[in-house]
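K.L.:
Residue numbers (the working numbering): 1 to 418. In this text, a Cβ means the ideal position worked out from N, Cα and C, and glycines have one as well. Submitted below is the structure of interest, expressed as structure tokens.
Next up, the structure:
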């Protein structure tokens, strides 16, 4: 069993791990570097302040506890104007559902209900199957000419087509919104640079303009879409119409940001891992009932999100490490999902494993869109197993140099003769 803490940590060793995580080699196989980090203990001092938590059980406990909070707008304001937390994009994220704490979180969460319950998913299933079929058609056609980029042709398209149709957005806007999402995510990275924050700020302003205009449009001509529904709900909750529209804007922004990039990464990672392990791909072809379990193992083995941050509500401790009120801890869920105290042979990818993971967080902030992401991944995997059983990797994917939010840039595939 790995020790909960290690008394003396070489700061330079931790810095080296995070530097290497951003390299092409580190992005291709971060699990090796996480193994180094875990060897330092379940809790490790972060070189920039706060703590890094690599233990699965400790991460899970913190995510479920009401004593650990999201870094909300009030917390961000307390960090000062000279910090990353004062950036426009950071402030805006602190006002979305993912950045709220009770009672604000409770109120906003109640306004959307169970967005993707069985009834909603049943209604979406036909649309997602139709979208998936069309994307597989396009991929198949492109493969006739040889190599094709799975990420560009499929993974980038399925999430935006799904959420765009659901929200009732014009298809012509999809490429614009997808690109803004890629730019905005820098505000949510672990240690963004000033130039990255500037790009995120610019994207956030454009997204705000877009969705404020959308809310006004739906208020003027309401329909059966979710945005119109949220307007009706918030009109019963908020007497100030401007405040109600602002709340709906933040919901629409949150849904778009949560739905696009992480799901796109999940889809490409899923295909990379399965094609990298062709025996498991072949086994799934013979056992398609195990597709849901295979998706969970993908989420465990290489989650789209590798870091979740929380702040202490009061002075406390993690495994005997003192943590002061307002101090931030980084839950290294990418490392925790490989914790050998939680999973036997955690370093192995195995679609037959009954995987447990923290890739959708836990507690009150458990991902609202998890059922939708699972449905998209499962639908796509079924379609590919049925129609492109001899798909294989042309080369390993290229990754963006990130830590918290994984992003695949390319995933070249080919069809091999039967």
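If I measure Cβ to Cβ from residue 336 and keep anything under 7 Å in the same chain, skipping five residues before and after, which residues do I get?
P.N.:
Against the chain shown, residue 336 aligns to sequence position 336. The residues are 54, 55, 56, 59 and 358.
K.L.:
Terminal residues of the continuous alpha helix (DSSP H) containing residue 105?
P.N.:
Taking the first residue of the chain shown as position 1, residue 105 is located at position 105. It spans 104-112 - the alpha helix (DSSP H) in which residue 105 sits, taken as one unbroken run.
K.L.:
Taking the alpha-carbon of residue 298 as reference, which of 275, 311, 308 and 113 has the nearest alpha-carbon?
P.N.:
One-based indexing of the chain shown puts residue 298 at position 298. Here the closest residue by C-alpha is 275.
K.L.:
Quick check on residue 236: buried or exposed, where buried means 16 or more other Cβ atoms within 10 Å of its Cβ?
P.N.:
Here residue 236 is taken as the residue at index 236 of the chain shown, counted from 1. Exposed is the call here.
K.L.:
Helix, strand or coil for residue 48, going by three-state DSSP, please let me know.
P.N.:
Counted from its first residue, the chain shown places residue 48 at position 48. Coil at residue 48, not helix or strand.
K.L.:
Could you check the C-alpha separation between residue 347 and residue 35 for me, to the nearest Å?
P.N.:
Here residue 347 is taken as the residue at index 347 of the chain shown, counted from 1. Here residue 35 is taken as the residue at index 35 of the chain shown, counted from 1. Straight-line Cα distance between these residues: approximately 9 Å.
K.L.:
Measure the C-alpha to C-alpha separation of residue 125 and residue 232 and round it to an integer number of angstroms.
P.N.:
For the purposes of this step, residue 125 is taken as the residue at position 125 of the chain shown. For the purposes of this step, residue 232 is taken as the residue at position 232 of the chain shown. Using only the alpha carbons, I get a separation of about 26 Å.
K.L.:
Rank 225, 192 and 181 by C-alpha distance to the C-alpha of residue 265 and give the top, closest one.
P.N.:
Sequence index remark: in the chain shown, residue 265 carries index 265 (1-based). Taking only the C-alpha atoms, the option nearest residue 265 is 181.
K.L.:
Measuring alpha carbon to alpha carbon, tell me which of 389, 396, 408 and 289 ends up nearest residue 140.
P.N.:
Indexing the chain shown from 1 puts residue 140 at position 140. If we check each option's Cα against that of residue 140, 389 comes out closest.
K.L.:
Inspect the CB distances between the stretch 315-329 and the stretch 368-378 and report whether three or more fall short of 8 Å.
P.N.:
The answer is no - the stretch 368-378 does not touch the stretch 315-329, with fewer than three Cβ pairs under 8 Å.
K.L.:
Under a three-way DSSP split, which group does residue 405 fall into?
P.N.:
Within the chain shown, residue 405 is the residue found at index 405, counting from 1. The answer is strand: DSSP assigns residue 405 an E or B state.
K.L.:
Just mark residue 174 as buried or exposed, buried being the case when its beta carbon has 16 or more other beta carbons within 10 Å.
P.N.:
If you number the chain shown from 1, residue 174 lands on position 174. Its Cβ being crowded by 16 or more others within 10 Å, residue 174 is buried.
K.L.:
Since I believe residue 88 is in contact with residue 97 (beta carbons under 8 Å), could you give me their beta-carbon distance rounded to a whole number of angstroms?
P.N.:
As a first step, residue 97 is located in the chain shown; it is residue number 97 there, counting from the start. As a first step, residue 88 is located in the chain shown; it is residue number 88 there, counting from the start. So it is not a contact: roughly 19 Å between Cβ atoms.
K.L.:
Is DSSP giving residue 81 helix, strand or coil here?
P.N.:
By one-based count along the chain shown, residue 81 stands at place 81. Three-state result, residue 81: coil.
K.L.:
Contact check, residue 189 vs residue 24 under 8 Å by CB: the rounded distance?
P.N.:
Mapped onto the chain shown, residue 189 falls at position 189. Mapped onto the chain shown, residue 24 falls at position 24. The Cβ separation is near 18 Å, so there is no contact.
K.L.:
Considering only their Cβ atoms, is the gap separating residue 378 from residue 323 smaller than 8 Å?
P.N.:
For the purposes of this step, residue 323 is taken as the residue at position 323 of the chain shown. For the purposes of this step, residue 378 is taken as the residue at position 378 of the chain shown. Their beta carbons are not under 8 Å apart, which means residue 323 does not touch residue 378 by this criterion.
K.L.:
Enumerate, from N- to C-terminal direction, the unbroken alpha helix (DSSP H) stretches of 4 or more residues contained entirely within the stretch 255-285.
P.N.:
DSSP runs (the alpha helix (DSSP H)) wholly in the stretch 255-285: 261-276.
K.L.:
What's the gap between the Cα of residue 394 and the Cα of residue 192?
P.N.:
Counting from one through the chain shown, the residue named residue 394 turns up at place 394. Counting from one through the chain shown, the residue named residue 192 turns up at place 192. In a straight line, the C-alpha of residue 394 is about 32 Å away from that of residue 192.
K.L.:
Between the Cα of residue 413 and the Cα atoms of 391, 398 and 400, which residue gives the shortest distance?
P.N.:
Against the chain shown, residue 413 aligns to sequence position 413. If we check each option's Cα against that of residue 413, 391 comes out closest.
K.L.:
What separation, rounded to the nearest whole angstrom, lies between the Cα atoms of residue 92 and residue 204?
P.N.:
Mapped onto the chain shown, residue 92 falls at position 92. Mapped onto the chain shown, residue 204 falls at position 204. Approximately 8 Å, taken between the alpha carbons.
K.L.:
Which stretch, first to last residue, makes up the beta strand (DSSP E) that contains residue 115?
P.N.:
Indexing the chain shown from 1 puts residue 115 at position 115. Per DSSP, residue 115 belongs to no beta strand (DSSP E) and is neither H nor E.
K.L.:
When burial is assigned at 16 or more other CB atoms within 10 Å of the CB, is residue 289 buried or exposed?
P.N.:
Numbered from 1 along the chain shown, position 289 holds the residue referred to as residue 289. That one is exposed.
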